[in-house]
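Step one of this worksheet: look at the structure below.
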Amino acid sequence: MLKKLFSYLIPINIYKSKSAVSKSIEVTWTNGELLIDSENTNYSYGSLQRILRIGLRKIGFNTIQSMENILVLGVAGGSVIKTLVDEIKFKGQITGVEIDPAIIEVANSYFQLNEIPNLEIHIQDAFDFILRSKDHYSLIIIDVFQDLQMPNFLFETFFINHTASLLKKNGFILFNTMILNEGDNVRNKNFITNFDNTNFKINSIPRIERHNELILIQRIK
11 MLKKLFSYLI PINIYKSKSA VSKSIEVTWT NGELLIDSEN TNYSYGSLQR
61 ILRIGLRKIG FNTIQSMENI LVLGVAGGSV IKTLVDEIKF KGQITGVEID
111 PAIIEVANSY FQLNEIPNLE IHIQDAFDFI LRSKDHYSLI IIDVFQDLQM
161 PNFLFETFFI NHTASLLKKN GFILFNTMIL NEGDNVRNKN FITNFDNTNF
211 KINSIPRIER HNELILIQRI K
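Counting from 11, one number per residue, gives the positions in the sequence shown under my numbering.
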């Protein structure tokens with residue numbers, strides 16, 4: 011409790027480790043919030059939780075409550091899962107995919123992710139999971155980063171088409187992206203052109219927390 015109170019004055023680091031995937035993982039009390047950070051950016055909770063909450067509100071909490079199953083690509087510390095369970099009161103099945111086992115250990119230790127009964131975690135590359143999945147989802151959340159980098163496969167047509175094929179009718183993809191330069195801006199615009207207006211409805215929410223853009227895709231047919 012003292013660390014939480016003092017964190018309103020200065021950030022207080024309580025855990026730090028190395029990871030082969032994420033390189034650096036830190037758990038820090040900042041302004042009364044417990045955050046997970048990588049070397050250069052917020053990985054879970056804090057600003058990231060606020061960013062994805064905006065996208066979830068755009069879909070509608072009542073709409074999400076009525077869904078059967080949700081896929082989260084890029085679990086990290088599980089902040090979006092906590093929003094789904096604790097704030098939205100989602101009772102359906104949540105499937106989480108995370109490539110870094112070290113960050114799941116941190117999420118379990120500091121945020122009790124392993125105590126969520128309707129959550130199943132797969133330690134797996136998101137690309138491989140999508141290619142092998144036979145299930146269909148009401149909502150797919152894509153939040154895959156390696157520090158400040160987004161893997162190229164996220165924007166490749168092959169991956170995009172496979173991900174879209176796993177959406178149920180009226181289902182959503184909520185894609186969190188980072189825009190650091192004009193090239194990233196062009197990349198996002200090219201990504202959106204993969205979805206035709208006949209089958210999908212697209213909405214982008216730019217410049218959230220300065221560098222993030224959310225892309226919201228709904229399958230309408």
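Note that beta-carbon positions come from the ideal geometry of N, C-alpha and C, so glycine has one too.
Same chain, Cβ closer than 8 angstroms to residue i, five either side skipped, listed in chain order
i, result
"Val31", "Ile109, Asp110, Ala112, Ile113, Gln156"
"Thr93", "Gln59, Leu62, Arg63, Leu66"
"Val154", "Leu83, Gly84, Ala136, Met160, Pro161, Leu164"
"His221", "Met188, Ile189, Leu190"
"Leu226", "Gly65, Lys68, Ile69, Phe182, Ile183, Leu184, Phe185, Ile212, Asn213, Ser214, Ile215"
"Ile202", "Ile212, Ser214, Ile225"
"Val116", "Tyr25, Ser27, Ile35, Val37, Ile46, Gly87"
Contacting residues, own chain, Cβ-Cβ under 6 angstroms from residue i (five flanking each side not counted)
i, result
"Glu78", "Gly102, Ser148"
"Ile133", "Pro111"
"Asp135", "Ile109"
"Arg217", "none"
"Ser27", "Ile35"
"Ile170", "Asn204"
"Asn118", "Asn124"
"Tyr120", "Val37"
Boundaries of the alpha helix (DSSP H) in which residue i is found, first to last residue
i, result
"Glu192", "192-202"
"Ile113", "111-121"
"Leu62", "57-69"
"Lys92", "89-92"
Spatial neighbours of residue i in its chain, beta-carbon cut-off 7 angstroms, leaving aside the 5 residues before and after
i, result
"Ser57", "Glu219"
"Arg197", "Phe165"
"Ile131", "Val85, Gly106, Glu108, Ile114"
"Ser143", "Leu176"
"Lys13", "Ile22, Ile24, Trp39"
"Ser29", "Ile35, Asp110, Ala112, Ile113"
Start and end residues, beta strand (DSSP E) containing residue i
i, result
"Phe16", "That residue, Phe16, is in no beta strand (DSSP E); its alpha helix (DSSP H) goes 12-16."
"Asn181", "Position check: residue 181 holds Gly in this sequence, whereas Asn was assumed. Here the beta strand (DSSP E) through Gly181 covers 177-188."
"Leu141", "Where Leu141 is concerned, there is no enclosing beta strand (DSSP E), although the alpha helix (DSSP H) it sits in stretches over 136-142."
"Ser214", "210-218"
"Ser48", "Taken as a continuous stretch (DSSP letters only), Ser48 belongs to no beta strand (DSSP E), as it is neither H nor E."
"His132", "129-133"
"Gln159", "No beta strand (DSSP E) holds Gln159; DSSP gives it neither H nor E."
"Lys99", "No beta strand (DSSP E) holds Lys99; DSSP gives it neither H nor E."
"Ile24", "22-29"
"Ile126", "No beta strand (DSSP E) holds Ile126; DSSP gives it neither H nor E."
"Asn222", "222-229"
"Asn79", "79-83"
"Leu19", "Careful: Leu19 lies outside any beta strand (DSSP E) and carries neither H nor E."
"Glu36", "33-40"
"Ser148", "147-152"
Anticipated Cβ contact below 8 angstroms, residue i with residue j, distance rounded
i, j, result
"Thr173", "Ile140", "6 angstroms"
"Tyr25", "Val37", "4 angstroms"
"Lys231", "Asn200", "Not a contact, Cβ separation roughly 23 angstroms."
"Leu129", "Ile91", "6 angstroms"
* Any contact of the region 123-134 with the region 177-186, i.e. 3+ C-beta pairs under 8 angstroms? -> Flag = no, the region 123-134 and the region 177-186 do not touch.
* For the 8 angstroms Cβ check, are there 3 or more pairs between the region 66-76 and the region 36-48? -> Cβ pair count under 8 angstroms is below three, so no.
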